[in-house]
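Working notes, structure below.
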Amino acid sequence: MLHGVRSFASAGLLATLAVAFPVPFSTSTTAATSSSTSASTDRLVFCHFMVGLVGDRQSSSDWDDDMINAKALGIDAFALNIGTDDFTNTQLGYAYESAASAGMSLFISFDFNWFATDQGSTVGSIVANYAGHAAQLKVDGKPFVSSFDGDGVNIEAIRSAAGQDIFFAPNFHTEDIDFDTVDAAFNWMAWPSNGDNFAPAAGRHVSVTDGDISYLSSLSGKPYIAPMSPWFSTHYGAEVSYSKNWVFPADMLPFHRWQEILTLGPRFVEVITWNDYGESHYIGPLSSPHTDDGASKWVMDMPHDGWRDMMKPFIAAYKAGATDPSEYVTDDQLVYWYRPTPKTVDCDSTDTTMSGGANNSTGQFFEGKPNGWNQLADEVFVVALLKSAATVVVQSGSNYQQTFQAPAGISAYSVPMGIGQQKFSVTRGGQTVLSGTSLKEITDTCPCGIYNFNAYVGTLPAPTTLDQLQPEGLSQLTAGLKTSCPANTLSVGTSTATASG
Ligand SMILES: *[C@@H]1O[C@H](CO)[C@@H](O)[C@H](O)[C@H]1NC(C)=O
Ligand SMILES: *[C@@H]1O[C@H](CO)[C@@H](O)[C@H](O)[C@H]1NC(C)=O
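Residues -20 to -1, 1 to 481 (mature numbering (1 follows the signal peptide of the UniProt record, and there is no 0)) are what the sequence shown spells out, left to right.
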C-alpha cells in the first residue's frame, strides 16, 4: 500500500555482474531421473503481510483463514509489516494468537516509512513484547526481526531494548549494510527495474538476479532473504493523498522467478506479498478481511489465488533442496493470467489519474497510463502443472489459438492477447483432462473507466466458489471514478470446467 519501493545499486555497477543463473523456460524431467531431492534443508519461506490494511479485524479468528491458507501453501512465517497505527498492537496480539493455534510462525517487519531511524529502542521494545510468544519465528534460537528499509537505524539500540539475542535480517541497501551488525539481509527488489525504482528503460535494465548477485556478494556467506513477487501495478490518483502510478514488468515473472530461486538455493525466500492489493502483488485471497485504501478499483474481480497453486510445488521443491519441481506436482492443473485489456486501449477521458492535481512530492505520480506500461506484453500467460505429458490448447479471443506439447512437470507458455473469451484445455491420449472458459473476458474498453494493469489469475480445474472482495474491501471502489463500476461481477455459472481422471 504505502510502500515506496527502492533500488539497491546503480545499473552500471550491476551490469558487469549479470552473467549467472541462466533460466530455462521449461523445467521437466522424467520422474525416474529426479531422485536426489528428498534431503530436507533449513530453508524457510516467508510472506510479507501488510498489518496496516487489517485494522478492522475484530478477533484472532479473523486471522485464521490467512494462517491456514499460508501454512497449506508451505509458507513458514508471515513477515508482519507494521507501521505506527494505533491498532497495530491489537492486531499483532490477534495474529500471534491465531498463528499459534494454526501452527504458523510470525515475525515483525518494521516499516521505516513510518518508524524513524532514531527509534531503535522503540523497535527493540516491540520485539521484546512478542519474542516470547509461541508463534514467534526463531532462527538459531533467536527471535527473527526484519524491516522494510531502515538503513541507518541504531541497531545497538534495537538489540539492547529487545533484551535478548535477536536474528536481525533487515532490508537495507547492500552498500549501506555493516555486515558485522546484521545476521542476514532482505532484498525488496523483486521486479526488473531501471535501477531507480521504475520500469527498465533503454540501456538501464537491472534484473532481479542482478540484485541477488549484489546481495550475496555483500553478505559474503551470511543468509540472504531472496525476494519473489508475481506482479507490480499501482494506480492511485488524486482521490488519495499517496498518489502513485507505475508498473514494473512482470509477465512470466511468477514462473521464472521460482525457477531462479530453485537454481540459486538461498537460505530464505520472502514472497512479496500476501495482501498488498494496492501494488497488485497479493497472492492471498480477495476475501481476506481488509480495509480499502483505494485499491479496489483495480483489485475487484481480479483474484490471484491461482498463483498460490502454481507456487506450491516450487515451494516444496525449494524446501527439499531440489532444482526441479516436477516430482512435487500432485495434480494436473493449468494456471493462467492476463491483464483485462490490451495496453493500447485509451482511457484518458475517464481515468482517475487524469485530473484533480495529485500531489507528486514522491515523484511517483504520473498521469494516464502507468509509468512503464509499454514494458508489458499483451499476452496470455499459462503455466501447466502436469503429472505426465499432455497437449495444452489456449484460445485467446477468436484470433489466437495455439497448441503446445507440454512435458510432465511445470512448463510455461504464452499466446498473444485476443479480445473476447479465454479458453483453455488439456488433453492426453485423446481424452479431455481439463477444459474451460475463463470467468473474465479480455475487452477493449476501460474497466471502471480506468487503466487497470493488474492481472486476472484463473485455474483449471476452476474453483467452485468465487473469491471476492468483501464490503470493507470495496468501500472506496467508486472514489474518484468517472464511470459506473458494478462490484463483484464474475459468476461461476459461465465456467464449463471439467476434470476427469
Ligand atoms: C504533498 O505531500 C507532501 C508529503 O505528504 C506534503 O508535505 C505536502 O504539503 C503536500 N503538498 C500539497 C500541495 O498538498
Ligand atoms: C512526478 O515527478 C516525477 C519525478 O520528478 C516526474 O517524472 C513525473 O513526470 C511527475 N508527474 C507529473 C504528473 O508531473
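Just so it is clear, CB atoms sit at the ideal spot from N, CA and C, and this is done for glycine as well.
DSSP, read as helix, strand or coil, puts D160 in coil. These are the residues, in chain order, with a beta carbon less than 6 Å from any non-hydrogen atom of ligand 2: N340, G343, F345, F346 and E347. It is roughly 11 Å from the alpha-carbon of A388 to the alpha-carbon of T371. The alpha helix (DSSP H) runs of length 4 or more contained entirely in the stretch 28 to 114 are, from start to end of the chain, 41 to 53, 68 to 82 and 100 to 111.
Between E250 and I205, the C-beta gap is smaller than 8 Å, which places the two residues in contact. The alpha-carbon of A300 is positioned some 10 Å away from that of L24. Counting the other CB atoms within 10 Å of its CB gives E259 a total of 16 or more, which places it among the buried residues. Taken in chain order, the complete alpha helix (DSSP H) segments of 4 residues or longer contained in the stretch 262 to 286 are 276 to 279. In the DSSP annotation of this structure, the continuous segment of the beta strand (DSSP E) that includes E359 starts and ends at E359 to L366.
Between Q375 and the set K367, A369, Y393 and L366, the nearest pair of CA atoms involves Y393. Scanning its chain for C-beta atoms nearer than 6 Å, with the 5 sequence neighbours on each side dropped, one finds around E77 the residues S40, in chain order.
Around L86, the same chain offers A57, F58, L60, A75, Y76, A79, A115, Q116 and L117 as residues with beta carbons nearer than 7 Å, after the five sequence neighbours per side are excluded. For the pair D424 and T321, the CB atoms are nearer than the 8 Å cut-off. DSSP places A218 outside both helix and strand once states are collapsed to three, so it counts as coil. Within the stretch 352 to 430, no complete alpha helix (DSSP H) segment of 4 residues or longer occurs. Ranked by Cα distance from V437, the first of F29, S418, L454 and V188 is S418.
Per DSSP, the continuous alpha helix (DSSP H) segment holding Q239 begins and ends at L233 to L244.
The closest CA to that of V363, considering only D131, S341, M291 and T324, is found on M291.
Within the DSSP secondary-structure output, Q313 pairs in a beta bridge with L365. It is roughly 7 Å from the alpha-carbon of R247 to the alpha-carbon of D22. Taking each of L454, G274, T342 and W317 in turn and checking the Cα distance to T439, the smallest one comes out for W317. A check of alpha carbon separations from K403 across W278, Q355 and I422 identifies I422 as the nearest.
Judged by DSSP in its simplified three-state form, E347 adopts coil rather than helix or strand. In this structure, the beta-carbon distance from G400 to G416 does not fall below 8 Å. For the options I390, K462 and T68, the alpha carbon positioned closest to that of H236 is the one of I390.
Sequence-distant partners of V34 (beyond 5 residues in either direction) whose C-beta falls short of 7 Å from its own C-beta, in its chain, are Q71, P269 and H270. Under DSSP, T439 takes part in a beta bridge, and its partners are V315.
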